[in-house]
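J.: For the sequence shown, the positions run 13 to 252 when the numbering used here is used.
C-beta: ideal position from N, C-alpha, C; glycine also.
Bear in mind the structure is a predicted one, so any value in this text is a computation, not a measurement.
Just dropping this structure here.
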Amino acid sequence: MRLVAGNWKMNGSPAAVTDLVAGLTQRLRAAEVGCTAAVCPPAHLLAAAVAAAGAGLAVGSQDCSDEAGPGAFTGEISAFMLAETGCRYAIVGHSERRQRHGESNTLVRAKASRALAAGLVPIVCVGETLKQREAGDAAAVVSEQVQESLPEGWSTDTLVIAYEPVWAIGTGLTATAADIAEMHSAIGAVMGSRRAAILYGGSVKPGNAAEILGTEGVNGALIGGASLKLDDFWGIVTAA
Ligand code: PGA
13 MRLVAGNWKM NGSPAAVTDL VAGLTQRLRA AEVGCTAAVC PPAHLLAAAV AAAGAGLAVG
73 SQDCSDEAGP GAFTGEISAF MLAETGCRYA IVGHSERRQR HGESNTLVRA KASRALAAGL
133 VPIVCVGETL KQREAGDAAA VVSEQVQESL PEGWSTDTLV IAYEPVWAIG TGLTATAADI
193 AEMHSAIGAV MGSRRAAILY GGSVKPGNAA EILGTEGVNG ALIGGASLKL DDFWGIVTAA
């Protein structure tokens, strides 16, 4: 099943949950779509999002702790707590966390393992910087991230990878279809005979969604900015 997930980042409010989550639920009830849709609001809105989301809409977190807990880990939320709240997915290793919080592949793998153990599907994010792409290292960098970030014991149904070139996030720039296909194929090669869904992320909008989602090896999309507007996110969901 294809997946279109909206990463709200540090945006949203109780009113946005009503508008977006309830609005999406209503539209999903009325239409048949060829993908699973998910929203990943900030942690304080997760319970409200779960309450507002109907059967066709999944909820995910933007992160989880690398500790199993419970315990003295101020500010952290364990994967188990997120599962208990009703989350189905947990984004881990988003480039904004890798860059702003120095998250290493080792830490991302630990978080993904906790998510898996709690019954969540980790969405493991990988992606190269512009400098790495310009140096011709994109495939090597991303392959290494995948190799080192994937948890033990994942299976096709319990893991999702999101390929998000760092330079395409929030910039309006997107990778070409050829580049996306090449990177998704490189990621697939690392996974070997098992194949988890690979999402593309980075400035996906209703206008470019059909082309990106139709690219070989693309099993869905991780959406930032466009997931904050009901019509835009819905346009991408229906394109999938
Ligand atoms: P964007 O963000 O769609 O705003 O580029 C994507 C992401 O960070 O997941």
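Mark Gly18 as exposed unless 16 or more other C-beta atoms lie within 10 angstroms of its C-beta, in which case mark it buried.
T.: The residue in question, Gly18, is buried, as its Cβ has 16 or more Cβ neighbours within 10 Å.
J.: Verify the contact flag: Gly182, CB atom, against every heavy atom of the ligand PGA, threshold strictly below 6 Å.
T.: The answer is yes for Gly182.
J.: What is the residue span of the alpha helix (DSSP H) that Ala127 lies within?
T.: Here the alpha helix (DSSP H) through Ala127 covers Asn117 to Ala129.
J.: Would you identify the three-state DSSP class for Leu73, choosing helix, strand or coil?
T.: It is worth fixing the name first, because residue 73 is Ser in this sequence and not Leu. Strand at Ser73.
J.: Answer with buried or exposed for Gly214, where buried requires no fewer than 16 other C-beta atoms within 10 angstroms of its C-beta.
T.: Burial call: buried.
J.: Take Ala63 and list the residues in its own chain whose beta-carbon comes closer than 7 Å to its own, dropping the five residues that flank it on each side.
T.: Counting only Cβ-Cβ distances below 7 Å, and skipping sequence neighbours, we find nothing.
J.: Okay, do the region 122-137 and the region 195-202 touch, 3+ Cβ pairs below 8 Å being the bar?
T.: Too few Cβ pairs lie closer than 8 Å, so no.
J.: By the DSSP assignment, the alpha helix (DSSP H) with Pro177 in it spans what residues?
T.: From DSSP, Pro177 is part of no alpha helix (DSSP H); its letter is neither H nor E.
J.: Could you work out which residue in Pro53, Ala84 and Gly83 is closest to Val71 when comparing CA atoms only?
T.: For Val71, the nearest C-alpha among the options comes from Pro53.
J.: Enumerate in chain order the residues of its own chain whose CB-to-CB distance from Asn231 is below 6 Å, with the five nearest sequence positions on each side excluded.
T.: So the list reads Arg14, Ala209 and Ile210, once near-sequence residues are dropped.
J.: Reducing DSSP to helix, strand and coil, say where Ile248 ends up.
T.: It is helical.
J.: Could you tell me whether the region 151-161 touches the region 30-46, where touching means 3 or more Cβ pairs closer than 8 Å?
T.: Verdict: no, contact absent.
J.: According to the neighbour-count rule (16 or more other Cβ atoms, all chains shown, within 10 Å of its Cβ), is His106 buried or exposed?
T.: Flag for His106 reads buried.
J.: From the DSSP secondary-structure annotation, give me the bridge partner or partners of Arg14.
T.: Looking at the DSSP assignment, Arg14 forms a beta bridge with Cys47.
J.: So, at 6 Å on beta carbons, what are the nonlocal neighbours of Ala34 in its own chain, with the 5 sequence-adjacent residues on each side left out?
T.: Contacts found: Ala64.
J.: Give the single residue among Ala238, Ala222 and His113 whose Cα lies nearest to the Cα of Thr183.
T.: Per the Cα distances, Ala238.
J.: For the candidate residues Ala27, Asp31 and Gly229, whose alpha-carbon lies nearest to that of Asp243?
T.: Asp243 has its Cα closest to that of Asp31, out of Ala27, Asp31 and Gly229.
J.: I'd like the span of the beta strand (DSSP E) that includes Val133, first residue to last.
T.: From DSSP, the beta strand (DSSP E) with Val133 extends over Val133 to Val138.
J.: Determine the burial state of Ala187: buried for a count of at least 16 other Cβ atoms within 10 Å of its Cβ, exposed for fewer.
T.: Buried: at least 16 other Cβ atoms inside 10 Å.
J.: Tell me which same chain residues have a C-beta within less than 7 Å of the C-beta of Thr97, skipping the five on either side of it?
T.: Counting only Cβ-Cβ distances below 7 Å, and skipping sequence neighbours, we find Leu58, Ala59 and Val62.
J.: Using the three-state DSSP reduction, which class does Leu171 fall into: helix, strand or coil?
T.: Leu171: coil per DSSP, three-state reduction.
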